[in-house]
Amino acid sequence: MNIDIDTINQIIASVFEEMLTMSTEFFDAGDAASDGERVVASIRISGGLEGIVVVEAPTETAQQIAETMFATDGSRISDEEVCDAVGEIVNMIGGNIKGLSDGVSQLSLPCVSRETVTPTAEIPLTSMADVLVSGLPLKVYWHHLAEDTAAV
Amino acid sequence: MKVLIVDDSKAMRMIVKRTLAQTDLGRCDVVEAENGADGLAKVQAEKPGMVLCDWNMPEMNGIEFLMKLRATGSQVKFGFITSESGQQVRDQAMDAGAQFIITKPFNVESLNAAILPCLA
Numbered sequence: 717m718n719i720d721i722d723t724i725n726q727i728i729a730s731v732f733e734e735m736l737t738m739s740t741e742f743f744d745a746g747d748a749a750s751d752g753e754r755v756v757a758s759i760r761i762s763g764g765l766e767g768i769v770v771v772e773a774p775t776e777t778a779q780q781i782a783e784t785m786f787a788t789d790g791s792r793i794s795d796e797e798v799c800d801a802v803g804e805i806v807n808m809i810g811g812n813i814k815g816l817s818d819g820v821s822q823l824s825l826p827c828v829s830r831e832t833v834t835p836t837a838e839i840p841l842t843s844m845a846d847v848l849v850s851g852l853p854l855k856v857y858w859h860h861l862a863e864d865t866a867a868v
Numbered sequence: 069m070k071v072l073i074v075d076d077s078k079a080m081r082m083i084v085k086r087t088l089a090q091t092d093l094g095r096c097d098v099v100e101a102e103n104g105a106d107g108l109a110k111v112q113a114e115k116p117g118m119v120l121c122d123w124n125m126p127e128m129n130g131i132e133f134l135m136k137l138r139a140t141g142s143q144v145k146f147g148f149i150t151s152e153s154g155q156q157v158r159d160q161a162m163d164a165g166a167q168f169i170i171t172k173p174f175n176v177e178s179l180n181a182a183i184l185p186c187l188a
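Chains as they are written, first to last, in our numbering: chain X, 717 to 868; chain P, 69 to 188.
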């Protein structure tokens with residue numbers, strides 16, 4: 717099953733615009749690596765569809781997402797809550813990508829960490845979305861690993 | 069009506085609570101739980117009229133929670149609010165006794181449409 721970038725962009729837009737009323741604007745950042753501290757959240761899809769979704773949010777973006785989700789200003793948001801918010805974003809994007817497959821698949825729990833360097837990719841990247849969320853940058857990666865057609 | 073919101077994400081519990089207040093249910097008593105095991109205890113202690121529950125959670129997930137809840141004889145109105153969107157998940161939820169399942173992202177309209185039949 718081929719999941720194209722337009723479909724992933726639609727899912728991303730739906731998550732931010734429909735539920736959080738945060739604007740989205742997609743752009744092409746090329747291969748430019750992110751710098752500075754970021755909150756990185758990943759989730760694994762396994763079964764009929766196999767893949768990993770990664771959301772990479774610079775600190776300012778992650779903070780803004782958390783403030784929107786908690787409907788409060790930054791001074792009241794803890795580091796744990798910022799990670800929780802970005803984890804929920806990858807959970808929603810991952811769940812919707814999983815739902816595109818007819819096969820039986822499972823969704824893992826999100827894994828969230830703070831990173832300062834871009835990890836070396838050990839698995840092939842299928843799609844990458846660069847998006848401005850309320851004017852702040854965010855990256856979403858989709859690594860499509862395999863598809864077990866027998867499970868469909 | 070008292071509503072129990074079960075989700076391991078504090079951010080999502082906050083969003084559900086805020087969205088719920090904008091539905092026809094209006095402001096209501098809300099109790100929160102972080103997973104199914106916590107949810108089971110809260111149902112016993114708080115006697116909610118409705119449970120809004122995530123699917124994927126550590127310790128005890130949503131479907132295990134619902135099955136254990138129904139095994140106790142509880143007929144509390146139960147709806148899933150989850151990123152899970154496949155037909156298999158939907159069937160499993162309904163077979164276990166859920167009244168509805170809403171896929172995230174959701175909004176006031178979709179939540180309202182789902183809970184309205186439970187308010188009758």
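For glycine and all other residues, C-beta sits at the position ideal for the given N, C-alpha and C.
Since the structure is predicted, the reported quantities are computational estimates derived from the model, not experimental observations.
For G107 of chain P, the CB contacts under 6 Å within the same chain, skipping 5 residues up- and downstream, are V74, A101, F133 in chain order.
In this structure, DSSP gives P826 of chain X a state outside helix and strand, which the three-state scheme calls coil. For Q160 of chain P, no Cβ of chain X is located within less than 8 Å of the residue's own Cβ. Around N812 of chain X, the beta-carbon contacts reaching into chain P at under 9 Å are S151, S153, T171, K172, P173.
Of X:W858, X:L861, X:E783, the smallest CA-CA separation from A79 of chain P is found for X:E783. Rounded to the nearest angstrom, the gap between the Cα atoms of V119 of chain P and K145 of chain P is 6 Å. In the DSSP annotation of this structure, the continuous segment of the beta strand (DSSP E) that includes M844 of chain X starts and ends at 843-849.
Residues D846 of the same chain have their beta carbon placed closer than 6 Å to that of A745 of chain X, with the five preceding and five following residues left out of the count. DSSP lists P:V74, P:F148 as the beta-bridge partner residues of C121 of chain P. V820 of chain X is not bridged by DSSP to any residue. It is roughly 10 Å from the alpha-carbon of V731 of chain X to the alpha-carbon of S739 of chain X. Under the DSSP definition of a beta bridge, R86 of chain P lacks any partner. Here P116 of chain P carries a coil assignment [DSSP, helix/strand/coil]. In the DSSP assignment, E766 of chain X falls within the beta strand (DSSP E) that extends over 765-774.
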